[in-house]
Amino acid sequence: MRALAAAVIGLAAALVLVVTVTAIGPPRGHTSPRPLLTSPPAHP
Amino acid sequence: MRRRASLVLLALAVFCTALSPLLRWYAFPRLAEVPAGRYQAVVLEAKDATLVDYATLQPRRVSKVTMIETLKGNTEQAARVRAETGRDAVVWDTLTYVAGPDGAMVSRIPERYVFDAHTQQPLHAGGESVDGTPVRRDGIEYKWPFLVRKHDYRYFDMQTRTSAPIHYRGTRTFHGLEVYCFEQTIPWTKVPVPRTLPLGVTPDTVRQLGLERWYTTTRMFWVDPVTGAPVNGEEDHREELRWTGHPEKQPITAFAGHVAMRPDYVDSTVALVSSQRQLVLLLTTYLPWGLPVLGAALLALALVLEIRARNRRAHSGDLSHDGGKTARPAPEGR
């Protein structure tokens, strides 16, 4: 019975972790202030 | 104490094993996305190219034509499209600026490309356009989806403003990366004249001269199959100004050349993709394969501890049973 409880705890922790990280998601970022280029940069 | 440790190890083993498919099949499709605020510039060059001189309407050989492609993620528009469609969107405002050997403008074509951040499928919202003309894309452009497959895709051609198949041509090694090669040929097609040309030439001017613009190209991409990012691109590109209604008259070559990425941009793109592919591989390969192995090891350790605990109890004559509670003594007199 205790082994079953331990397994359920492990499974629940994995589910909570993945759902939480996915819900937060990656940052959306901001529009770069850099312009669209009309001359080739000297280097990347 | 060993009993408790084996239960903790069992919980960790289940945690690791369950995490593996959850990361690959639940988290990865939701977390892997093209960043909405991406900014990237790529410089391509055509050496010994042919270019029309709009002053004389004669083609001339030039030492070099430079093409500067800039992509800029518009996060404000992406948020608006997301609110409209309910999907994570990326809006790229791009500029393809072509410069002659003296740096003077040959043409400039702005573009807006709106697509799903996870699948790269186009979204028909947010004002997608080419050179100020609304378009409705089908297929991909600039980038392939994550985890590229060895089959043909539909690729949007900015000049014809239509999509056509881009064919998988095999797997190669390029700068130490395994890449998939794709090739698309656009046959001679009448295409719109860019709105911005040198010497104040406009599409109306070209039309009044009795000319129309035709174009053909064969483009090749070397694509990292993990991130879907091209690490190299080349194009055999030809443009002609043809006399409307006079097929017998000699067309004017507007541009002819082999366009290839500048070597320093190839190196920087390969370096960028090599680092980013590790993040994708972490969610698709390293963790999904490593976690079950770790889970199995933890489970084995839990079993070893449990067996040792039971053996110790058996040898010491301990009558305790599951949970360490003392077994109820048998009633006397029986």
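These protein sequences, in sequence, are chains A and Z. Those letters in the first sequence? Residues 15 to 58, per the working numbering, in order. Those letters in the second sequence? Residues 2 to 335, per the working numbering, in order. The C-beta atom is built at its ideal place from N, Cα and C for all residues, glycine as well. The structure displayed is predicted, hence computed values, not measured ones.
By the C-beta density criterion, Glu77(Z) is exposed, having fewer than 16 other C-beta atoms within 10 angstroms. When Pro188(Z), Ile187(Z), Gln122(Z) and Val207(Z) are compared, the shortest CA-CA separation from Arg196(Z) is found for Val207(Z).
The CB of Phe16(Z) comes closer than 7 Å to the CB of Gly24, Ala27 and Ala28 in chain A, given here in chain order. A Cβ-Cβ distance of about 4 Å is found for the pair Ala303(Z) and Ser7(Z), placing them in contact under the 8 Å criterion. With respect to the C-alpha of Ala261(Z), the residue from Cys17(Z), Thr203(Z) and Glu236(Z) having the closest C-alpha is Glu236(Z).
The beta carbon of Gly229(Z) sits closer than 6 Å to those of Lys144, Trp145, Pro146, Phe147 and Val149, all from its chain and outside the five residues before and after it, given in chain order. Restricting attention to Pro36(Z), His176(Z), Leu198(Z) and Thr57(Z), the CA atom closest to the CA of Arg109(Z) is found in Leu198(Z).
For Ser269(Z), the nearest CB of chain A lies under 8 Å from its own CB, placing it at the interface with that chain. Its chain contains Thr18 and Ser21 as the residues whose beta carbon lies nearer than 6 Å to that of Pro293(Z), once the 5 sequence neighbours on both sides are disregarded; these appear in chain order. Think of a sphere of 7 Å around the beta carbon of Glu34(Z): the chain A residues whose beta carbon falls inside it are Pro40, in chain order.
In the structure shown, the three-state DSSP call for Leu304(Z) is helix.
When C-beta distances to chain A are compared with 7 Å, the residues of the region 66 to 78 of chain Z below that value are Thr67, Ile69, Thr71, Lys73, Gly74, Asn75, Thr76 and Glu77, in chain order. By the beta-carbon neighbour count (other beta carbons within 10 angstroms, threshold 16), Ile38(A) is exposed. Only residues of its own chain outside the window of five on either side were considered, and among them Cys182 have a CB closer than 6 Å to the CB of Gly171(Z), listed in chain order. Around the beta carbon of Ser164(Z), a 10 Å sphere encloses 16 or more other beta carbons of the protein chains shown; the residue is thus reported as buried. A contact is defined here as three or more CB-CB pairs under 8 Å, and the region 263 to 271 of chain Z fails this definition with respect to the region 206 to 220 of chain Z.
Between Gly127(Z) and Ala90(Z), the beta carbon gap of about 7 Å places them in contact (Cβ cut-off 8 Å). As DSSP reads the structure, Arg113(Z) sits in a beta bridge with Asp94(Z) and Ser130(Z).
Contact residues of the region 277 to 304 of chain Z toward chain A are absent (C-beta to C-beta distance below 7 Å). Here Val30(A) is exposed, its C-beta having fewer than 16 other C-beta atoms within 10 Å. DSSP places Val44(Z) in the uninterrupted beta strand (DSSP E) bounded by Tyr40 to Asp54. For Gln185(Z), DSSP records a beta bridge to Arg220(Z).
In the structure shown, Ala33(Z) falls within a coil segment according to DSSP collapsed to helix, strand and coil.
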